[in-house]
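Our numbering applies: residue 13 is where the sequence shown begins, and numbers increase by one.
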Amino acid sequence: MAVKEAKGLKVNYLIIFLSGLVLLISAVLVFLLIIRNIYGNYELKQILPTKENLKFLSDEKKGKAAILYSKYTEIMLPAGSTWIRDNVDTWKKFIKNAKMNYDVITDQNIELGEHFDYKLIVLPGSKSLSDKEIMQLKRYVENGGSIFVTGGPATYSDEGKWRGWDFFKELFGMNFNREIKPEESYKVHTLRGNLAITAQIPTGYTLKIATWDRPIYAEVLEPRTTQVSFWYDFRKEAGLVREEIQKSAGIAYGTYGKGRFVWYGFEINSVLGVQKDYIYFERLFNNSVNWLIYQPTAFVKDWPSSYEAALVFIPEITGQPENAYNVNNLFVNNQTPATFFVDQNTATKNPGLIRSLATKGSIGAVLDIGFLESQEDTINKLFSKEVQTSSLKYVVDTLGKISNSKIKAVMPLNGYYDDNTLQAMTTNDCEFLVTDSLTDRSVPEIRIRNNKPIMIITKTARDDYEVVRNYGLINTEFQRYTYEEDVDRVLFEGGLYVFKVHTDYQLQPQYSSVIRDVLNYAQSKKMWITSLRDLKTWWMRRQGVEVRYEARSKRRIAVELTNPRDERVDELVIQVNFNKRVKNVEVTSDIINTKIPKYKLVNDSQTIYFYLDRMEAHETRSLLVDFDNIEN
């Protein structure tokens, strides 16, 4: 019987080719989808191995900072000076901490035009530059480069001859005013809040800057430059406040041509203080770098969306207590919230007045907790915890019975307080400490003691003891102007204006009309006039939300909003600065059922506001912000 030969399987090469092609296309699509999910919008030409992309990846300068070691400046210094070397070494640490790589370059590198490919040029204390360097640096910035500068750059030639401030004025749009003489060991330097480079730094924060390097006062002349800080200290210095602030800029940022700059009027080695000062300064530095290299910054806006600053009205019942009635017209329909502070003896003698005031606002206690001759004497001079606790209990109980209200606010008689004061307040269920002590910020601070939050509100402006008593201003026009100067200063900072008046001065019949004028002026300037309780409610929920952000690509920012508290928060505004102009913004989330908040693009399309109507306890929202770049 014949056996049939078995036939082998036929190979269809077309099917194999098509199947392979399908798999390849599928793999490419999956890859592109993964890239899209991680990095957001992109153009295909950005990820293809083109000659341009390969050149970018192989160029060692791209994405780097260049720190100038200016030999021309070093030659000017006394023999053996390590000033330039010390400055450059500090910049290396800060740039590295800002997650940038760097090269140290020379004057000759800039003169030969070898700096154009760097993302950022740093000029630390570069007082002496050649004419060729100046020309090359101006070309670099005009064509889109960014520079980070300290002190008075290029004020001397490469031969050490005085050149003047022309380069400073032309590039930065600022005018040099004066140097700070090193007669004082340090100078207080106040930062504005709610700016791209002061993100997540308390509004009105005061840095201490050593004066050995002669820091610089400057004045912003052009709208392309933004003033970030000022040297003027309202606590110690006289003069017209508006004018002094304008002429005492110490930090500024802005644009020149297509490029950007950040200028510090002091060397970064000059910053003094304790740990938190260095933490906030490093944050300022990193924000400055981010702005210069078009990376984002973000923060929770200090005040409700329609306001630029806030005001609390604090009348104190001292001599001539009956003058408190002179502000009755301010409290029609409770339009002006106020907390009236009074000591126990005055309240006991004027119970009818206190009960009347309690219907128009809240009552706070003035308490004697001891006296300080200086801040260093705190431990020895202020009363013990037991004495403060018992004294506060007696005063709170007495005022509560007279006013038929709960006493939640305390004002130390002589301004000072210590940790024993805070402990005594929590024992007696007090929530607010209002003090004339000076502080390092112009916004409230929350301290937690015995698991209870205490809001500390310190002096942020001149009161009538200074305006009427010390300055001797009896003309109401002069009084009004002086208060309004401080309103403008606090608005410039974006902080809290503490409007404190007394019955024996500003509340006198001939002066009391000024109070309404000042309140109307503040309201016209978008100041939030609020009560202590509403202020604390807002501030607690504002501080409760944490903001994290990350640039995923040139077209995507990831923003994470978290409410770690056990309570819901309402009506917050989150400000995310792209630090570049964008368009076609789209907000999504890679987590299902994430609620996308309302948002608005503002500030010449460089900033997005997120309006959160509410965030539940322990809620987290992960947002992806996609956009197209208008430039850069």
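Heads up, the beta-carbon is just placed ideally off N, CA and C, and yes, glycines get one too.
Hey, how far is the Cα of residue i from the Cα of residue j?
i, j, result
"L66", "D129", "Note that L66 has pLDDT 47, beneath the 50 cutoff, so the model's placement of it is unreliable and the number below is only indicative. Distance between the alpha carbons of L66 and D129: 15 Å."
"D625", "D578", "17 Å"
"Q258", "V408", "44 Å"
"N341", "R236", "44 Å"
"A222", "Y114", "27 Å"
"D225", "G285", "17 Å"
"V530", "Y477", "16 Å"
"S403", "I458", "23 Å"
"L8", "Q491", "This structure cannot settle anything about residue 8, because the visible part of the chain is limited to 13 through 644."
"V34", "D602", "28 Å"
"E443", "K420", "5 Å"
"E249", "L613", "40 Å"
"L573", "Y623", "12 Å"
"V200", "V240", "14 Å"
"I647", "G157", "The requested residue 647 does not occur in the structure, where the chain is confined to residues 13 to 644."
"H514", "Y523", "11 Å"
"G331", "K220", "38 Å"
"R501", "Q120", "44 Å"
"G364", "A370", "10 Å"
"N463", "D452", "24 Å"
"Y217", "P456", "11 Å"
"V253", "R204", "15 Å"
"N615", "D289", "30 Å"
"I127", "I133", "Note on residue identity: the sequence assigns His, not Ile, to residue 127. So the alpha carbons of these two residues sit roughly 8 Å apart."
"T348", "A322", "13 Å"
"V232", "E182", "12 Å"
"L379", "S415", "17 Å"
With DSSP as the reference, please indicate the residues paired to residue i in a beta bridge.
i, result
"I7", "Residue 7 cannot be examined here, being either before or after the span of the chain that is shown, 13 to 644."
"N589", "T309, T619"
"E598", "D638"
"R626", "D582"
"I159", "I133, F273"
"L124", "L124 pairs with nothing; no bridge assigned."
"M539", "A321"
"K471", "Its beta-bridge partners do not exist; DSSP assigns none."
"L140", "A small correction: the amino acid at residue 140 is Ser; Leu does not occupy that position in the sequence shown. Answer is Y168."
"V510", "V324"
"V283", "I221"
Looking at residue i: is its Cβ nearer than 8 Å to the Cβ of residue j?
i, j, result
"I375", "V354", "yes"
"A110", "M186", "no"
"Y509", "V480", "no"
"A310", "V588", "yes"
"P521", "N338", "yes"
"Y292", "N591", "no"
"V161", "Y268", "no"
"M627", "V557", "yes"
"P424", "T447", "yes"
"P308", "I642", "no"
"I146", "I107", "no"
"S138", "S169", "no"
"L411", "Q356", "yes"
"G506", "E320", "yes"
"A77", "K131", "yes"
"L135", "P165", "yes"
State the start and end residues of the unbroken alpha helix (DSSP H) segment that holds residue i.
i, result
"P363", "363-370"
"T488", "488-505"
"F293", "287-304"
"V446", "Premise fails: V446 lies in the beta strand (DSSP E), 444-446, not in any alpha helix (DSSP H)."
"A534", "525-536"
"W315", "No alpha helix (DSSP H) holds W315; DSSP gives it neither H nor E."
"K150", "143-154"
"V100", "95-109"
"K713", "Because the chain is modelled from 13 through 644, residue 713 falls outside the range shown and cannot be assessed."
Please report whether the beta-carbon of residue i lies at a distance below 8 Å from any beta-carbon of chain D.
i, result
"N605", "Here there is only one protein chain, and chain D is not present."
What first and last residue would you give for the beta strand (DSSP E) that runs through residue i?
i, result
"N641", "632-641"
"R612", "Strictly speaking, residue 612 in this sequence is Lys, with Arg absent from that position. Note, K612: beta strand (DSSP E), 610-614."
"F352", "351-354"
"A321", "321-329"
"I133", "132-135"
"D718", "Look at the range of the chain in this structure, 13 to 644, and you will see that residue 718 is not part of it."
"L80", "77-80"
"N517", "At residue 517 the sequence reads Tyr, which differs from the Asn that was named. Per DSSP, Y517 belongs to no beta strand (DSSP E) and is neither H nor E."
Problem - Secondary structure, alpha helix (DSSP H): runs of 4+ residues fully inside the stretch 220-274 - result: Within the stretch 220-274, the runs of alpha helix (DSSP H) at least 4 residues long that lie entirely inside it are, in chain order, 253-258.
*asked:* Going residue by residue through the stretch 546-589, where are the continuous beta strand (DSSP E) segments of at least 3 residues, counting only ones entirely within it?
replied: For the beta strand (DSSP E) assignment, the uninterrupted runs of no fewer than 3 residues enclosed by the stretch 546-589 are, from N- to C-terminal side, 558-565, 568-574, 581-589.
task: Could I get the ranges of all uninterrupted beta strand (DSSP E) runs contained in the stretch 164-203, with 3 residues as the minimum, in chain order?
output: Listed in chain order, they are 186-191, 198-203.
Could you give the uninterrupted runs of the beta strand (DSSP E) lying entirely in the stretch 370-431, keeping only those of 3 residues or more?
Taken in chain order, the unbroken stretches of beta strand (DSSP E) that lie wholly in the stretch 370-431 and span 3 residues or more are 374-379, 421-424.
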